[in-house]
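Participant: Chains as they are written, first to last, in our numbering: chain A, 50 to 350; chain B, 915 to 1235; chain C, 77 to 533.
Below you'll find the structure I mean.
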Amino acid sequence: MTSTVVPVTTTPAVVPPEGLTGRARNTLSRPWASAAALVLAVLWTLPTFGLAVSSIRPARDTRTSGWWTFFTSPDATLDNYRAVFSDQGGGLGNSFLNSFVITIPSVVIPMVLAALAAYALAWIDFRGRNLLFVAIFALQIVPIQVTLLPLLKLYVGAGLAGNFATLWISHATFALPLAIFLLHNFMREIPKELIEAARMDGAGHVQIFFQVLMPLLTPALAAFGIFQFLWVWNDLLVALTFAGSEVRPLTVDIANLAGTRGSALHLLSAGAFVSIIVPVTVFLCLQRFFVRGLLAGGLKG
Amino acid sequence: MTTVEKLVQMALVLLGFAAVVGVIVLLAGRVKGRKGDRTVAMVFLLPTVIVLLIGLVYPAVRTIYQSFFDAAGSSFLGLGNYATIFTNSDQLVVLRNTVAWVVITPFVATAVGLLYAILVDKARLESLAKALIFLPMAISFVGASIIWKLIYEYRPEQGGVNQVGLLNQLLVMVGGTPQQWLLNEPWNNLFLIVIMIWIQAGFAMTILSAAIKAIPEDIVEAARLDGVGAIGMFRFVTVPSIRPALIVVLTTIGIATLKVFDIVRTLTGGNFGTSVVANEFYTQSLQTDNQGLGAALAVLLFLLVVPVVVYNVRQLRASEA
Amino acid sequence: MGLSAFTSRPSAAISGALGLSLALAACGGGSSSTDAPAAGGAPAGSSECAEYEAYGDLAGKTVTIYTGIVTPEDTPHIDSYKPFEKCTGATIKYEADKAFEAQILVRAKAGNPPDIAFIPQPGLLKQLVATGKVVKAPEQVSKNTDEFFGEDLKGYGTVDGTFYAAPLGANLKSLVWYSPAEFEEKGIEIPKTLDELKAVSDKLAEGDRKPWCAGIASGEATGWVITDWMEDMMLRLSGPDTYDKWVNHEIPFDGPESAAALDEVGSFMKNEKYFNGGYGNIKSIAATTFQDGGLPILDGACSLHRQASFYASNWPEGTQVTEDGDVFAFYLPGKTEDEKPVLGGGEFVAAFNDRPEVAAFQAYLASDTWANNKAKASPLGGWVSANKGLDAANLVSPIDQLAAETFQDEAAVFRFDGSDQMPAAIGSGAFWKQATAWITGASTAETVEKIEKAWPK
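Next up, the structure:
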């Protein structure tokens, strides 16, 4: 994501061991740097670890003692998880499925639309382009809540209320401003020379988009895809407003676990972990993809 | 709906969408030449613009309009709602808190993300290390709130009573007395802000890590040959090279922070002087049903983001120059 | 091609996870609606369906309900509809989530309301009626309400002279939880007046103990517990008529009666000798969740906890909630022994359309048949109704029986929870917020003033 010129050669730009990162490796081999990284990692993971431990402790224990006491006097139980899976009328399996069905199109649709729009804003010169980009970018600030009622009225009018379609459309809408902002930035990092060369070869915009840009951008798209997946998977508010009872995702069922008057912490802990599994799996699998993803400026082809 | 029906629906919509996009792209491919440029641009932008107009612009304009009316939207109040916001002493506290959130979170989260990205760059187990910092982002706000509840929980210092929150346990172990972290104003705000930093650092780290990896070697080499040390490398090579990424990260986190209310709402309900504009907005719109005041608060959010927008516009112009 | 390059990589992960979800879905099956099949028509002439004949044949019809009652309390509700479904052939679809109060307004305004909703506050009912989407209560419902609930309760379901919603379930708020064993051991009698209550508190405070415990934290609703206290004191100090004036804003919130009520609460809650047993200082009341509020009684760390009848479900499994068990509750006494003001809450059944099956179901819910069915369907107790036709013997838990008896007591003067009747800006806004600020240090004067100021013009 730099604005430097990339040598247009065919050698794969593998980062040689020396240089900044070599420096970093030298620093890392120094114990204090590794220690610093370790400290940060532990600090960051400790809270979540506490939740994991809490989810296998009996309810009374969670209320009266800290989760660390689990290690001195272990009293594990799977009751919380059992309750989470059996409580719901139809089993959590249904909402799991719903979450998937909601999430996948909600990731694909805005991604494609944003890629097209970002390309137009980045590489096609037309009047008012900057103004349009700024306007779209500024729309990021619109809180979702102000859109709930107007959108719901529209859906009801269109007879869509309570179906998956409402969620797909809503999530796509909310994702577009940020998606365009991110993708636009990545697209700008692609060296002009590549585009020019293709243009001189007589390629039209569509060809440039698919044959030059997309391969370079695929990782960036995947990166956005992960963020969007996480966001939609963990969303509660949009689902509550637009989803009918049949298409309720996991988050709603888990939030309801807290009980009518409750804050059944032990159940919510287990529920939160059940819900985390998928996003973490997705993240870990696409991790490598992800990292390489944002290297748009450094690779060719 | 059965499982199969749901999956079929999903498949259909994906296929249908692909078909529509295919048509768009085909049409755009036909057009060539200078005039074609504008057509292609329009065709690429049209779906997005339509969706945004209906889904975001219309509600936003409606909100601005509503902010000048009363709770039910029937009588015109002029700037009445705004007056309420700025003269009510409780609301001024809300503003103060919001500013604190927006100023502290992006910078600290970015700093942590950047530091960590540099520290683990090219190390062994880099992926795992980064996954650990990213983990908080994968946890929903509900999960995050419970996690931190277990950290901030307070129990009195009494015989037979154990500490339930990690922070108080640590404090007691070094001889201190347990504190009600979330109750004591104004520091309770900081303890809530920490949670947002905890979540957003992963975002910053991910983007900045990739940006660092993309710094071309020749620049780094040149600097090394000049005898630049680690700190100098950081100041004169790393940071300037990843400046666009830094701006993206700071901006995105800043906007996300302005909008977040779940943390405050779940942990303190907005009490004890911890509320932020986004939380007040939610309360007024969806709890108290005062549409006018809620709308005014939303407009306030719009206004608070203007400096960020302006800054980005400047960057845009500069990069095009 | 760009798109295919994208789809190939994550496909493995996604299809794997998809497979997992399919497996889970296969194990799950069914949605959260009741599965009772609409068996065609009532078993002809069977006596068990005699009561339902009046509702007619509703075979194949569906009625959707939306409420804020989620698991586990939803199961007894759903079970109580089964006789109705079986005998009339209708299907009742039950939907609930915790964000009910916000969502029902959004849905009503957007034109997407359920057939029936259980409204937990008269104030919310007023807001819904204002959207124009609520329909008048049918004739039969009105009759049932007159017969089984009486004028006072009917009034709470009435807006601007039109009757909309019959009461459903109720809870009794004027209760103090205590440990029978402890009282017996220390030779303490159940107090019959407020002064006696204070005397008992003083006695229990001997030995540097804090006899009272409480928690008010409740997420965005933090503070409601104090509003209940204040309403109870308002009833006892100034009487039901003044209470009504106060709720309807005929007297100001920062008037002398109001301030006196809050100060009376303060004489308990802000008294460091009394609170907060098991949790620490007065401020800890604000940090303790209301669910945890009374638990120290079980550990002997506190002795008294003022809370509604629904608190029964908060005691850990295995706790004996009986008159000679681990915990029980006594009626929060009035100023004198003869006065018996009773504060309570409950839900009301509002309908958004007038299809025959919806009207029939609404009537069923307002009948004594339903109340008794519900009682029988609640094996764990924790539910009661103010329905006069409810046979207390059907109630499983002694607390519920106590509540039912209190409601049906001739001498009792019932009033509905005040904050539930006030406009949302107060009842689910300023009242909660300022009460929370009050317990963490604000003065009574400041508090009532700020609430008065927030009252919508």
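Ideal Cβ placement from N, Cα and C applies to all residues, glycine included.
Taking C-beta pairs closer than 7 angstroms, name the residues in chain C that residue 1203 of chain B reaches, listed in chain order.
Facilitator: Within 7 angstroms Cβ-Cβ: 181, 203 and 500.
Participant: Give a yes or no on contact between the region 365-377 of chain C and the region 463-472 of chain C, applying the rule of three or more CB pairs nearer than 8 angstroms.
Facilitator: Touching, no.
Participant: Decide if residue 964 of chain B is buried, meaning its Cβ has at least 16 other Cβ atoms within 10 Å, or exposed.
Facilitator: Classification of residue 964 of chain B: exposed, given that the 10 Å Cβ count is below 16.
Participant: Per DSSP, what kind of secondary structure is residue 381 of chain C in: helix, strand or coil?
Facilitator: Three-state result, residue 381 of chain C: strand.
Participant: Name the chain C residues whose beta carbon is nearer than 7 angstroms to that of residue 255 of chain A?
Facilitator: Under the 7 angstroms cutoff, chain C gives no residues; its nearest Cβ is about 11 angstroms from residue 255 of chain A.
Participant: Please state if the CB of residue 201 of chain C and the CB of residue 164 of chain C are separated by a distance shorter than 9 angstroms.
Facilitator: No, these two residues do not count as a Cβ contact at 9 angstroms.
Participant: Grab the span of the alpha helix (DSSP H) containing residue 1113 of chain B for me, first residue to last.
Facilitator: That run of the alpha helix (DSSP H) goes 1102-1127.
Participant: For residue 491 of chain C, write down the residues that DSSP places opposite it in a beta bridge.
Facilitator: Beta-bridge pairing links residue 491 of chain C to C:419.
Participant: Please classify residue 1084 of chain B as buried or exposed, where buried requires at least 16 other C-beta atoms within 10 Å of its C-beta.
Facilitator: By the neighbour-count rule (16 or more Cβ atoms within 10 Å), residue 1084 of chain B is not buried but exposed.
Participant: Taking the beta strand (DSSP E) that residue 245 of chain C falls in, what are its first and last residues?
Facilitator: Where residue 245 of chain C is concerned, the enclosing beta strand (DSSP E) stretches over 242-248.
Participant: Leaving out five residues on either side along the sequence, give the residues of the same chain with a beta carbon under 8 angstroms from the beta carbon of residue 500 of chain C.
Facilitator: For residue 500 of chain C, where only same-chain residues beyond five positions count, the Cβ hits under 8 angstroms are 199, 200 and 203.
Participant: Taking the beta strand (DSSP E) that residue 251 of chain C belongs to, which residues open and close that run?
Facilitator: Per DSSP, residue 251 of chain C belongs to the beta strand (DSSP E) from 251-254.
Participant: In three-state terms, what does DSSP make of residue 1068 of chain B?
Facilitator: The answer is coil: DSSP assigns residue 1068 of chain B none of H, G, I, E or B.
Participant: So, using beta-carbon positions, are residue 332 of chain A and residue 1045 of chain B closer together than 9 angstroms?
Facilitator: It is a contact, given that the beta carbons lie within the stated cut-off.
Participant: Output yes if chain B places a C-beta closer than 9 angstroms to the C-beta of residue 358 of chain A; else output no.
Facilitator: The requested residue 358 of chain A does not occur in the structure, where chain A is confined to residues 50 to 350.
Participant: With 16 as the cutoff for other CB atoms within 10 Å, does residue 508 of chain C come out buried or exposed?
Facilitator: Buried.
Participant: Between residue 277 of chain A and residue 224 of chain A, what straight-line distance do the alpha-carbon atoms span, to the nearest angstrom?
Facilitator: Roughly 7 angstroms between the two C-alpha positions.
Participant: Using a Cβ-Cβ cut-off of 9 angstroms, state whether residue 187 of chain C counts as contacting chain A.
Facilitator: Yes, residue 187 of chain C counts as interfacial toward chain A.
Participant: Kindly indicate if chain B contains any beta-carbon less than 9 angstroms away from that of residue 33 of chain A.
Facilitator: Any property of residue 33 of chain A remains undetermined from this structure, which presents chain A solely from 50 to 350.
Participant: Does any residue of chain B bring its CB to less than 9 angstroms from the CB of residue 77 of chain A?
Facilitator: Interpretation of residue 77 of chain A is limited by its pLDDT of 43, a score under 50 that renders its predicted location unreliable; no figure is taken from the coordinates.
Participant: Identify every residue that forms a DSSP beta bridge with residue 1048 of chain B.
Facilitator: The partner list for residue 1048 of chain B (beta bridge, DSSP) is empty, contrary to what the question assumes.
Participant: Is any beta-carbon of chain C found at less than 9 angstroms from that of residue 115 of chain A?
Facilitator: Not an interface residue.
Participant: Any C-beta of chain A sitting closer than 9 angstroms to the C-beta of residue 147 of chain C?
Facilitator: At least one chain A Cβ lies under 9 angstroms of residue 147 of chain C.
Participant: Is the Cβ-Cβ distance between residue 1056 of chain B and residue 1067 of chain B less than 9 angstroms?
Facilitator: No, the pair does not count as a contact, with Cβ atoms beyond the cut-off.
Participant: Are residue 436 of chain C and residue 136 of chain C touching if we call contact CB-CB under 9 angstroms?
Facilitator: It is not a contact, given that the beta carbons lie outside the stated cut-off.
Participant: Is residue 227 of chain C buried or exposed, if buried means 16 or more other CB atoms sit within 10 Å of its CB?
Facilitator: Flag for residue 227 of chain C reads exposed.
Participant: Per DSSP, what are the beta-bridge partners of residue 168 of chain C in this structure?
Facilitator: Residue 168 of chain C pairs with C:139.
Participant: Quick one: using the 10 Å Cβ neighbour count with 16 as the cut-off for buried, is residue 73 of chain A buried or exposed?
Facilitator: Because residue 73 of chain A carries a pLDDT of 48, less than 50, the predicted location of this residue cannot be relied on, and no value is offered for it.
Participant: Is the Cβ of residue 69 of chain A closer than 9 angstroms to any Cβ of chain B?
Facilitator: Per-residue confidence for residue 69 of chain A stands at a pLDDT of 48, beneath the threshold of 50, marking its modelled position as unreliable; no derived number is given.
Participant: Locate the alpha helix (DSSP H) running through residue 235 of chain A, then write down its first and last residues.
Facilitator: Run containing residue 235 of chain A: 213-238, per the alpha helix (DSSP H) assignment.
Participant: To the nearest angstrom, report how far apart residue 1076 of chain B and residue 1179 of chain B are at their CA atoms.
Facilitator: Cα to Cα, residue 1076 of chain B sits roughly 27 angstroms from residue 1179 of chain B.
Participant: Taking DSSP as the reference, what is the three-state secondary structure of residue 351 of chain C?
Facilitator: Residue 351 of chain C falls in the coil class under three-state DSSP.
Participant: For the pair the region 174-191 of chain A and the region 201-212 of chain A, tell me if three or more CB-CB distances fall below 8 angstroms.
Facilitator: Output reads no: the region 201-212 of chain A does not touch the region 174-191 of chain A.
Participant: Measuring alpha carbon to alpha carbon, tell me which residue in A:111, A:94 and A:119 is nearest residue 317 of chain A.
Facilitator: It is A:111 whose Cα lies nearest to the Cα of residue 317 of chain A.
Participant: Closer than 8 angstroms is the cut-off here; do at least three beta carbon pairs connect the region 166-179 of chain A with the region 948-958 of chain B?
Facilitator: They touch, by the three-pair rule.
Participant: Run through DSSP, which three-state label would residue 102 of chain C get?
Facilitator: Low local confidence applies: a pLDDT of 38 at residue 102 of chain C is under 50, so the model's placement there is unreliable, with the coordinate-based value given in what follows. Of the three classes helix, strand and coil, the one that applies to residue 102 of chain C here is helix, per DSSP.
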